[in-house]
Amino acid sequence: MSQAKKKHRLVDAKEPNLVEDIFVHSLPPLIRFEGAVIENIDGQAVEFDFAGIKDRPIVITDTTFRDGQQARPPYTIDQMVHIYDLLSKLSGPNGVIRQTEFFLYTRNDRETLDRCRRLGHKYPECTGWIRAVKGDFRLVKEAGLAESGMLTSCSDYHIFQKLKFRTRKECMESYCEVVDAAFEAGVRPRCHLEDITRADIEGFVLPFVERLMEMSEQVPEERRAKIRLCDTMGFGISYPGAELPRSIPKLIYKLNREIGVPSSRLEWHGHNDFHKVHTNAGAAWLYGCDALNTTLFGFGERTGNPPLEGAVMEYIALKGDTCGMDTLVITELADYMRSIGLPIPDNYPFAGRAFNTTSAGIHAGGLRQDERIYNIFDTEKLLGKPARVAITDKSGADGVAHWVNEFFGLKGEDRINKIRVHKLARWVIDQYEVENRLTAISDQELEAKAKEFFPDHWEKCKAGK
Amino acid sequence: MATVEERVKAVTAQVLKLDAEKIKNEHSFTSDLGAESVQSIELVAMFEEEFGIEMDEDAALSVETVGAAVEFVANVCKEQGVEVQE
């Protein structure tokens, strides 16, 4: 590492290069690729064309009402109908959020599904979720659903230790009988390959999926089996060179290019046990799954699933376009979820109350000069949440001035400079130095002080509101 | 009427809670007189109030010493037609 191989000359400039072709600010920063990505699989260098994702029909699917509900007390019917309504609004006319799945076992499950469908939204399409039990397809058919997920767990942990099959063959035959029942019922089966990242890929997964593909040949295209790759315990790894069964690139390659499952019938479902959930989900899209299964705010079994709103931002970054999605609904959904008792941490990306709030004075100074310095994108336009400053002893006069200007909605020449906020800045400092305060100062306290120190602006602001 | 220098030193002493007699023109507001970030803002605000002037924020905050502040304030007073004793 000590010997430099290439000299790099300073490119002096009088004008800044803000790399605005990537950091467009009106959208999340774009994700662009150059050249093919190589993965060594079975001794062969295999190429993946990540840049091609711009033209692929990738979609987001949702399991907020299924996996998402396994991590919390049940939603009421009204709550689910409202969330479904908002999901549809977020999805937009192009159906980027393509499907959402429902339990079908109880009267409440079925009533929820009926009421969601009565809203008349095209997207997300409603699908079901059942155990791998033949009789359960009756429920799917009675509900009039075209597609249902079914459990087809594929690791030996599940096959032998949980489901108590005597052999893998017995397990595969049992699953195939249920798939046959789906075809007979006129329902498209979506086989959830649970625990795939701990499974014997060559010994069970590939022969099973190969059989599913053969069975699918007897039905029309729209009823052929879909494959959901379920990283049940979050063991999946996106790094090039990782070994099976944990390698996401290799798993998808084997199913997509060796077995021939088209990308349109491959879906990734992850879990966040190792903090890899969103990156793994993005990798699954790039390596060839068209569908990415998510939950709102990542709520799901244990550590949760790929967050839907993260997938929305990733989608826009990859496509360079919102494709009709109404991203402001993310904030509406977050507010609604909080109102029904779902905790969203304040620093949670895109939806936490303080995700774009700085309390460092030096960052507030940057924000004051050019919002782009410390705001990830135009969060006011895309999420209805302008960059904010939380006031503490570290905020400085810059932070106080930013807060005051945001509070009064002052822009450009009308903005109050930091000299004019010195009394409020002094009050803030004294809270910590004189009063020995240890907590951040609330908006309510600051509003009271703003009224005291800026009575004219306060009156104007009140009149405006 | 007190001079600009005397008034600048008096304001500085009041804001930084110092003895005006001990403040010298060559003193740096931050390293010699211990002005913290918010106190620098307060100094500018109090100079404006004392002299009835408006100063450019960035230019005023870039002044480092007491002597430079005396000169800066005197110039702004002249520009804005405020009579002072130099």
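In order, the protein sequences belong to chains A and B. Going by the working numbering, the residue at position 86 of the first sequence is 98; the numbering climbs one at a time, nothing skipped. Going by the working numbering, the residue at position 40 of the second sequence is 966; the numbering climbs one at a time, nothing skipped. Glycine included, each C-beta is placed from N, C-alpha and C at the ideal position.
Enclosing alpha helix (DSSP H) for residue i [first to last residue]
{"i": "C1003 (chain B)", "result": "992-1005"}
{"i": "L458 (chain A)", "result": "455-465"}
{"i": "E931 (chain B)", "result": "930-942"}
{"i": "R438 (chain A)", "result": "434-445"}
{"i": "R180 (chain A)", "result": "180-196"}
{"i": "R150 (chain A)", "result": "149-154"}
{"i": "E983 (chain B)", "result": "983-987"}
{"i": "N417 (chain A)", "result": "408-420"}
{"i": "L394 (chain A)", "result": "391-395"}
Span of the beta strand (DSSP E) around residue i
{"i": "M972 (chain B)", "result": "Not the beta strand (DSSP E): M972 (chain B) falls in the alpha helix (DSSP H), residues 963-977."}
{"i": "I213 (chain A)", "result": "Neither: I213 (chain A) is in no beta strand (DSSP E) and is coded neither H nor E."}
{"i": "M162 (chain A)", "result": "159-163"}
{"i": "A237 (chain A)", "result": "Unbroken run through A237 (chain A): none, as it is neither H nor E."}
{"i": "I142 (chain A)", "result": "137-142"}
Residue i - DSSP class collapsed to helix/strand/coil
{"i": "F247 (chain A)", "result": "coil"}
{"i": "H20 (chain A)", "result": "coil"}
{"i": "S228 (chain A)", "result": "helix"}
{"i": "E32 (chain A)", "result": "coil"}
{"i": "V401 (chain A)", "result": "strand"}
{"i": "P355 (chain A)", "result": "coil"}
{"i": "C203 (chain A)", "result": "strand"}
{"i": "T956 (chain B)", "result": "coil"}
{"i": "I428 (chain A)", "result": "coil"}
{"i": "Q173 (chain A)", "result": "helix"}
{"i": "V221 (chain A)", "result": "helix"}
{"i": "I50 (chain A)", "result": "strand"}
{"i": "Q15 (chain A)", "result": "coil"}
{"i": "C166 (chain A)", "result": "coil"}
{"i": "L379 (chain A)", "result": "helix"}
Burial state of residue i (16 or more Cβ within 10 Å)
{"i": "D984 (chain B)", "result": "exposed"}
{"i": "E326 (chain A)", "result": "buried"}
{"i": "Y251 (chain A)", "result": "exposed"}
{"i": "H469 (chain A)", "result": "buried"}
{"i": "T938 (chain B)", "result": "buried"}
{"i": "P85 (chain A)", "result": "exposed"}
{"i": "G253 (chain A)", "result": "exposed"}
{"i": "I34 (chain A)", "result": "exposed"}
{"i": "S103 (chain A)", "result": "buried"}
{"i": "D954 (chain B)", "result": "As written in the sequence, residue 954 (chain B) is Ser, which differs from the Asp given in the question. So S954 (chain B) counts as exposed."}
{"i": "R44 (chain A)", "result": "exposed"}
{"i": "I287 (chain A)", "result": "Reading off the sequence shown, one finds His at residue 287 (chain A), where the question assumed Ile. Exposed: under 16 other Cβ atoms inside 10 Å."}
{"i": "R440 (chain A)", "result": "The amino acid at residue 440 (chain A) is misidentified as Arg; the sequence shows Val. Classification for V440 (chain A): buried."}
{"i": "D179 (chain A)", "result": "Checking the sequence, you will find Thr at residue 179 (chain A) rather than Asp. Exposed is the call here."}
{"i": "S38 (chain A)", "result": "exposed"}
{"i": "L345 (chain A)", "result": "buried"}
{"i": "T88 (chain A)", "result": "exposed"}
{"i": "E952 (chain B)", "result": "exposed"}
Rounded Cβ spacing between residue i and residue j (contact assumed at less than 8 Å)
{"i": "G282 (chain A)", "j": "N268 (chain A)", "result": "Their Cβ separation, rounded to whole angstroms, is 17 Å, which puts G282 (chain A) and N268 (chain A) out of contact at 8 Å."}
{"i": "A295 (chain A)", "j": "P257 (chain A)", "result": "That belief does not hold up - the Cβ atoms of A295 (chain A) and P257 (chain A) are roughly 15 Å apart, past 8 Å."}
{"i": "K101 (chain A)", "j": "D338 (chain A)", "result": "6 Å"}
{"i": "K406 (chain A)", "j": "S371 (chain A)", "result": "6 Å"}
{"i": "M981 (chain B)", "j": "V970 (chain B)", "result": "6 Å"}
{"i": "W141 (chain A)", "j": "G156 (chain A)", "result": "Not really, about 15 Å apart at Cβ, beyond 8 Å."}
{"i": "L308 (chain A)", "j": "L320 (chain A)", "result": "5 Å"}
{"i": "R240 (chain A)", "j": "E196 (chain A)", "result": "Not confirmed; about 21 Å, so no contact."}
{"i": "I208 (chain A)", "j": "L163 (chain A)", "result": "Contact doesn't hold; Cβ gap of about 12 Å is too wide."}
{"i": "I453 (chain A)", "j": "I385 (chain A)", "result": "About 23 Å separates the two Cβ atoms, so there is no contact after all."}
- Query: What residue ranges within the region 53-124 of chain A form continuous beta strand (DSSP E) runs of no fewer than 3 residues, ordered along the chain?
  - Reply: 56-60, 71-74, 109-115
- Message: My parser needs the alpha helix (DSSP H) runs of 4 or more residues fully inside the region 257-344 of chain A; what are they?
- Response: 260-265, 289-299, 320-331
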